[in-house]
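Per this note's numbering, the very first residue in the sequence shown carries number 131; after that it's consecutive. Built from N, CA and C at the ideal position, the CB exists for glycine as well.
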Amino acid sequence: MSTATAADRARQGTVTLSYLLCLVGSVIGVGAFGGTPIAEAAGGALDADATHLAPASAAFSVWSLIYLGLAAYTLWQWAPAHSAASRQRRIGWWVAASMLLNAAWILVVQAGSISASVVAIAALLVVLARIFAVLVRTRPSGAIEAVVVDGTLGLYLGWVCVATCANVAAALAAAGFTGGPLSPEVWAAVVLVAVAALGVALAVIGGGRLAVTATLTWGLAWIAVGRTAGLVSPSTTAVASAAAAVVVAVTALARWRRMRAPT
131 MSTATAADRA
141 RQGTVTLSYL
151 LCLVGSVIGV
161 GAFGGTPIAE
171 AAGGALDADA
181 THLAPASAAF
191 SVWSLIYLGL
201 AAYTLWQWAP
211 AHSAASRQRR
221 IGWWVAASML
231 LNAAWILVVQ
241 AGSISASVVA
251 IAALLVVLAR
261 IFAVLVRTRP
271 SGAIEAVVVD
281 GTLGLYLGWV
291 CVATCANVAA
301 ALAAAGFTGG
311 PLSPEVWAAV
321 VLVAVAALGV
331 ALAVIGGGRL
341 AVTATLTWGL
351 AWIAVGRTAG
361 LVSPSTTAVA
371 SAAAAVVVAV
381 TALARWRRMR
391 APT
């Protein structure tokens, strides 16, 4: 076991501080401390009925699980056995960046800037994709790391894939984009197919990692549910449901192939 260096301690401290800031941001995001709930901020641009790609409100409960996982990761990375681990040295700073971007996203939405929120969430998606690439190329030290690190960050990535698309749709709608010659349903279908393609790619690259698929399909499923009430769109419900089913099927196949592959 390698000895932790000053750089390792700096990384661990930064991750911890970033988590605390992220947690404070989440509390503000639900309307505490005088903040406006996210669904009501920025003129309601991110409300569950604002666009065809907005998930139903219940979908956002997934953040509780993600924050819990990030708390576990923050504590786990301080264990002596993990402080100087090569894998943690490669992802720790990126995880800290993801939590700071999360907090930044909440703050810019609270400030009413939907366009800035797109920049923040796009950067968050890139950071999480970078982490995913590292995790796929390396192996966890055991079952606990697989759950706390790979599981948590996989859940985070899967949800942000869907949230990014919903955020972009909200920004376009807020800017007055109506779809041009295409109907909102057609645009929604195009984006949902793209999300499904991304989910398939992540399933293949990750060898059928369940955490990513779990939250990505969770988001798609709640988009489907959201279009059965409020802003009703049977076609969007159908496409979102089909997209979720495809991602689940490909994930199962990729996982089966990985488990059968010779080691």
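Any idea if residue i is buried or exposed, counting beta-carbon neighbours within 10 angstroms, 16 or more meaning buried?
i	result
residue 209	exposed
residue 247	buried
residue 386	exposed
residue 141	buried
residue 381	buried
residue 347	buried
residue 343	buried
Taking the C-alpha atoms as reference points, what is the distance between residue i and residue j?
i	j	result
residue 147	residue 313	45 Å
residue 203	residue 264	16 Å
residue 172	residue 298	14 Å
residue 226	residue 287	14 Å
residue 212	residue 282	16 Å
residue 302	residue 214	44 Å
residue 101	residue 306	Here the chain comprises residues numbered 131 to 393, so residue 101 is not present and cannot be evaluated.
residue 158	residue 167	8 Å
residue 220	residue 365	43 Å
residue 192	residue 161	17 Å
residue 139	residue 341	29 Å
residue 266	residue 388	13 Å
residue 229	residue 222	11 Å
Need the endpoints of the alpha helix (DSSP H) that residue i sits in, please.
i	result
residue 260	244–267
residue 144	136–159
residue 212	210–213
residue 226	216–240
residue 279	Per DSSP, residue 279 belongs to no alpha helix (DSSP H) and is neither H nor E.
residue 466	This structure cannot speak to residue 466, because the chain is shown only from 131 to 393.
So, for residue i: in the same chain, excluding its five sequence neighbours on each side, which residues have a beta-carbon less than 8 Å away from its beta-carbon?
i	result
residue 177	169, 170, 184
residue 394	With the chain represented from 131 up to 393, any question about residue 394 goes unanswered, as that position is not in the structure.
Return no unless some Cβ of chain D is closer than 7 Å to the Cβ of residue i.
i	result
residue 149	Here chain D cannot be found, since the structure has a single protein chain.
Grab me the residues of residue i's own chain with a C-beta within less than 7 Å of its C-beta, minus the 5 sequence neighbours each way, in chain order.
i	result
residue 358	367
residue 356	178, 184, 185, 186
residue 153	197
With respect to 6 Å, is the separation between the Cβ of residue i and the closest non-hydrogen atom of the ligand FMN below this value?
i	result
residue 132	With respect to small molecules bound, the structure shown includes none, and the ligand FMN cannot be examined in it.
Please look up how many angstroms separate the CB atoms of residue i and residue j, rounded, as I've assumed it's under 8 Å.
i	j	result
residue 110	residue 384	Nothing about residue 110 can be reported from this structure: the residues present for the chain run from 131 to 393 only.
residue 373	residue 331	Between residue 331 and residue 373 the Cβ distance is about 13 Å, and since that is not below 8 Å, they are no contact.
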